[in-house]
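Participant: Handing you a structure now.
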Amino acid sequence: MGFGSSTRRRGLRWDVRAAPWRGSSWAWPRSSSSWSRSFSARCRRRSKAASPTSLPGQGAFGKRARTMSMTVLSVKAALAGTGAGTKVEIRGWVRTRRDSKAGLSFVNVSDGSCQNPVQIVAPAALPNYQSEILKLTAGASVIAQGTLVQSQGKGQSFEVQADAVQVLGLVDDPETYPVQPKQHTMEFLREVAHLRPRTNTFGAVTRVRHHAAQAIHRFFHEEGFFWVNTPIITASDAEGAGQMFRVSTLDALNPPKTDAGKVDWSKDFFGKEAFLTVSGQLNVEAFCLALSKVYTFGPTFRAENSNTTRHLAEFWMIEPEIAFADLKADADLAERFLKYVFKAILSERMDDLEFFEERVQKGVIERLSKFVDSSFERIDYGQAIEILKGAKKKFDYAPEWGKDLQTEHERYLTEEHVGRPVVVMNYPEQIKAFYMRMNDDGRTVAAMDVLAPGIGEIIGGSQREERLELLDARMKKMGLVPEHYGWYRDLRRYGSVPHAGFGLGFERLIVYMCGLGNIRDAIPYPRVPGWAQF
RNA sequence: UCCCUGAUAGCUCAGCUGGUAGAGCAGGCGACUGUUAAUCGCCGGGUCGUUGGUUCGAGUCCAACUCAGGGAGCCA
0 MGFGSSTRRR GLRWDVRAAP WRGSSWAWPR SSSSWSRSFS ARCRRRSKAA
50 SPTSLPGQGA FGKRARTMSM TVLSVKAALA GTGAGTKVEI RGWVRTRRDS
100 KAGLSFVNVS DGSCQNPVQI VAPAALPNYQ SEILKLTAGA SVIAQGTLVQ
150 SQGKGQSFEV QADAVQVLGL VDDPETYPVQ PKQHTMEFLR EVAHLRPRTN
200 TFGAVTRVRH HAAQAIHRFF HEEGFFWVNT PIITASDAEG AGQMFRVSTL
250 DALNPPKTDA GKVDWSKDFF GKEAFLTVSG QLNVEAFCLA LSKVYTFGPT
300 FRAENSNTTR HLAEFWMIEP EIAFADLKAD ADLAERFLKY VFKAILSERM
350 DDLEFFEERV QKGVIERLSK FVDSSFERID YGQAIEILKG AKKKFDYAPE
400 WGKDLQTEHE RYLTEEHVGR PVVVMNYPEQ IKAFYMRMND DGRTVAAMDV
450 LAPGIGEIIG GSQREERLEL LDARMKKMGL VPEHYGWYRD LRRYGSVPHA
500 GFGLGFERLI VYMCGLGNIR DAIPYPRVPG WAQF
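Read in numbering that gives the first Met the number 0, the first sequence has 452 at position 453, and its numbers run on one by one without any break.
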């Protein structure tokens with residue numbers, strides 16, 4: 000489908016500079032490379048005693064620092080002018096350095112607390128100005144102490160007039176330091192996943208991801224849900240949701256064999272075959288039928304060989320499950336849920352959204368704003384097929400009752416036909432999972448997909464089949480053996496009630512909110528077929 | 001897994017119909033400056049993904065392989 004509409008091979012770019020704080024030329028003298036070779040040695044010296052170039056009592060962790068009423072500030076707090084006029088300490092990493100003949104250098108420092116860096120004004124009179132400050136390059140770590148003042152220059156309201164700039168770690172060989180103050184492709188930065196958190200984009204993604212996760216827990220908590228930690232290792236005979244990663248302690252080269260010559264899994268750690276979970280849904284249903292409103296939020300693993308912009312082998316999934324509920328209640332929950340999370344990001348991380356708007360994808364803010372303000376349309380799958388058949392638009396795949404909706408169909412429905420989020424409900428039973436509840440028409444099940452403009456399907460859910468006979472019938476129809484689902488069937492034997500839930504890939508939510516073009520950039524360390532570096 | 005496209009300097013790219021490689025940024029030196037991706041001058045830097053093949057000659061043409069991106073399928 001492609002999340003970023005304009006994303007071609009090298010479509011997405013960014014750089015480490017923070018708008019509107021641009022970098023500059025920041026040449027530093029290096030008559031020889033000896034400083035770099037002695038770098039680690041100097042670090043060791045520095046850790047033992049105050050740097051010889053440091054001012055007395057200025058060491059950040061020195062004894063006198065505590066007696067000087069120095070306030071350690073985040074960059075975020077400093078830019079907000081917290082404690083203006085007082086002595087403050089800033090700790091972070093250099094983004095850019097600009098030198099002035101007027102006898103000072105401007106060092107932009109970031110600590111990840113917010114999008115923009117703070118400008119440290121370092122006068123040439125500092126004892127380590129020649130020896131260290133002029134050698135600062137992107138990525139170097141510093142602790143700056145000084146007075147937080149209103150900036151004399153344009154582009155920022157507050158800056159720090161430094162009394163001391165302690166250099167903790169310089170950058171070894173700045174020419175090859177991967178995170179340069181320039182545009183980089185997402186593909187390149189994936190190869191330096193340990194350094195990409197230092198870029199504006201990944202700082203912003205990380206902050207949005209955190210706020211989204213917090214908002215999700217807050218939403219469920221406020222609605223009376225309980226968070227259930229379903230198992231990551233599962234020995235279920237079948238879960239029926241894709242290829243699974245095997246978990247085993249057997250010797251892969253020489254496993255124990257049965258008389259029939261097959262691998263003897265009874266000798267394995269769990270006494271049977273075990274895998275990484277592909278879904279917590281079946282497990283959480285048991286808690287739903289006791290605690291009424293529950294959800295999972297945890298890692299999920301799929302061993303599918305799918306190499307796309309929207310699949311990961313390891314991702315985080317959110318799966319709420321509600322008892323005494325039907326499909327309509329499920330759809331209502333999905334609508335409240337998405338709007339709550341998007342509202343939270345709009346109000347809490349507008350600085351990062353503005354960055355995405357400017358550098359990653361135009362229109363992301365409007366897309367989210369419209370989303371939270373519009374009511375979701377609800378249509379039947381059958382209606383959807385009729386709408387698609389009557390559409391003037393030519394589809395690569397002709398819509399047909401009984402076949403699943405293609406991405407092009409979903410996007411037509413939500414973007415062109417309705418123009419806002421759509422919930423498509425009641426799909427043909429043959430294209431949906433065994434646990435979905437059979438409708439009275441005998442040919443559709445109570446399944447739903449939430450389709451959103453700009454992405455297509457974002458949530459999939461269903462009312463679960465709570466009637467044992469019908470559940471067994473559907474299992475058999477789909478070639479599953481009911482006896483393999485003993486504990487799951489028990490839930491229908493002992494006080495069964497109508498219940499429903501849905502699943503949502505956390506990273507897909509991040510992609511949508513940030514306007515990213517590839518899900519591999521929505522998770523700190525992506526795992527996909529052929530790639531598990533870092 | 002299938003289809004398409006691509007792989008040239010630390011990064012991003014140019015290199016037309018085959019005649020032993022260029023730019024911008026980054027880096028080094030210098031000039032200039034309360035600067036904001038500053039600007040200007042000079043300099044260093046590439047066995048053109050790998051292996052074969054065609055050719056007098058291959059970054060360029062062919063084949064295979066490896067990796068990457070996009071799309072599809074599967075799905076969240």
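Quick reminder that beta carbons are idealized off the backbone N, C-alpha and C, glycines included.
Check each candidate in Leu275, Arg301, Leu188 and His209 and name the one with the smallest Cα separation from Gln242.
Facilitator: Numbered from 1 along the first sequence, position 243 holds the residue referred to as residue 242. The shortest Cα separation from Gln242 among Leu275, Arg301, Leu188 and His209 belongs to Arg301.
Participant: When the Cα atoms are used, what is the spatial distance from Leu133 to Gly168?
Facilitator: Counting from one through the first sequence, the residue named residue 133 turns up at place 134. Counting from one through the first sequence, the residue named residue 168 turns up at place 169. Taking the straight line joining both Cα atoms gives about 13 Å.
Participant: Which ranges would you report for the alpha helix (DSSP H) in the region 187–248 if only whole runs of at least 4 residues count?
Facilitator: 199–221
Participant: Can you give the Cα-Cα distance for Phe219 and Val170, rounded to whole angstroms?
Facilitator: As a working note, residue 219 is residue 220 in the first sequence. As a working note, residue 170 is residue 171 in the first sequence. Roughly 44 Å between the two C-alpha positions.
Participant: What would DSSP say about Gly381, mapped onto helix, strand or coil?
Facilitator: Taking the first sequence and counting its residues from 1, the one referred to as residue 381 is at position 382. In this structure, Gly381 counts as helix in the three-state DSSP scheme.
Participant: Quick one: is Gln429 buried, meaning 16 or more other Cβ sit within 10 Å of its Cβ, or exposed?
Facilitator: If you number the first sequence from 1, residue 429 lands on position 430. Exposed, because fewer than 16 other Cβ atoms sit within 10 Å of the Cβ of Gln429.
Participant: Sorted by chain position, which residues of the same chain lie with C-beta nearer than 6 Å to Ser140's C-beta, five sequence neighbours on each side aside?
Facilitator: Sequence index remark: in the first sequence, residue 140 carries index 141 (1-based). Here the set comprises Trp92, Leu167 and Gly168.
Participant: Relative to the alpha-carbon of Thr200, which residue among Ala211, His183 and Leu275 has its alpha-carbon at the smallest distance?
Facilitator: Walking along the first sequence from the start, residue 200 turns up at place 201. Per the Cα distances, His183.
Participant: Taking the DSSP output, what are the residues bridged to Met435?
Facilitator: Here the question's residue 435 lines up with position 436 in the first sequence. Its beta-bridge partners are Arg463.
Participant: Please report the residue range of the alpha helix (DSSP H) in which Met349 lies.
Facilitator: Here residue 349 refers to the residue found at position 350 of the first sequence. Residues Met349 to Phe354.
Participant: Count the other C-beta atoms from every protein chain shown that fall within 10 angstroms of the C-beta of Ile232, then say buried if there are 16 or more, exposed otherwise.
Facilitator: As a position in the first sequence, residue 232 is number 233, starting the count at 1. By the 10 Å Cβ count, Ile232 comes out exposed.
Participant: Which stretch, first to last residue, makes up the beta strand (DSSP E) that contains Lys392?
Facilitator: On the first sequence, residue 392 is found 393 positions in, with the first residue counted as 1. Note, Lys392: premise wrong, no beta strand (DSSP E); not H, not E.
Participant: Start and end of the beta strand (DSSP E) containing Trp486?
Facilitator: If you number the first sequence from 1, residue 486 lands on position 487. Taken as a continuous stretch (DSSP letters only), Trp486 belongs to no beta strand (DSSP E), being part of the alpha helix (DSSP H) at Gly485 to Arg492.
Participant: Measuring only the C-alpha atoms, how far is Ala211 from Trp400?
Facilitator: For the purposes of this step, residue 211 is identified with residue 212 of the first sequence, where counting begins at 1. For the purposes of this step, residue 400 is identified with residue 401 of the first sequence, where counting begins at 1. Near 37 Å, if we compare the C-alpha coordinates of Trp400 and Ala211.
Participant: With three or more beta-carbon pairs closer than 8 Å as the criterion, would you say the region 410–427 touches the region 376–383?
Facilitator: yes
Participant: Quick one: measure Cβ to Cβ for Val359 and Gly529, integer angstroms, because I've assumed they're closer than 8 Å.
Facilitator: Counted from its first residue, the first sequence places residue 359 at position 360. Counted from its first residue, the first sequence places residue 529 at position 530. At roughly 26 Å, the Cβ-Cβ gap does not stay under 8 Å, so Val359 and Gly529 are not in contact.
Participant: Buried or exposed: Ser156, going by 16 or more other Cβ atoms within 10 Å of its Cβ?
Facilitator: Translated into positions along the first sequence, residue 156 becomes position 157. Exposed.
Participant: Using only the alpha-carbon positions, how far apart do Arg12 and Leu470 sit?
Facilitator: The count along the first sequence starts at 1 and reaches residue 12 at position 13. The count along the first sequence starts at 1 and reaches residue 470 at position 471. Summary for Arg12: the model assigns pLDDT 27, below 50, so the residue's position carries little reliability; its value from the coordinates is reported in the next sentence. Cα to Cα, Arg12 sits roughly 50 Å from Leu470.
Participant: With respect to the alpha helix (DSSP H) encompassing Asn282, which residues constitute its N-terminal and C-terminal limits?
Facilitator: Along the first sequence, one-based indexing puts residue 282 at 283. Note, Asn282: alpha helix (DSSP H), Gln280 to Leu290.
Participant: Helix or strand or just coil, what does DSSP make of Tyr426?
Facilitator: Looking up residue 426 in the first sequence gives position 427. The answer is strand: DSSP assigns Tyr426 an E or B state.
Participant: Per the contact definition of three or more C-beta pairs closer than 8 Å, is the region 458–477 in contact with the region 290–301?
Facilitator: no
Participant: Are three or more beta carbon pairs between the region 119–133 and the region 78–87 nearer than 8 Å?
Facilitator: no
Participant: Determine the DSSP secondary structure at Val164, reduced to helix, strand or coil.
Facilitator: The sequence position of residue 164 within the first sequence is 165, counting from 1. In the structure shown, Val164 sits in a strand (DSSP, three-state: E or B).
Participant: Just tell me which of Ile386, Glu385 and Leu337 has its CA closest to the CA of Arg366.
Facilitator: The count along the first sequence starts at 1 and reaches residue 366 at position 367. Among Ile386, Glu385 and Leu337, the Cα nearest to that of Arg366 belongs to Leu337.
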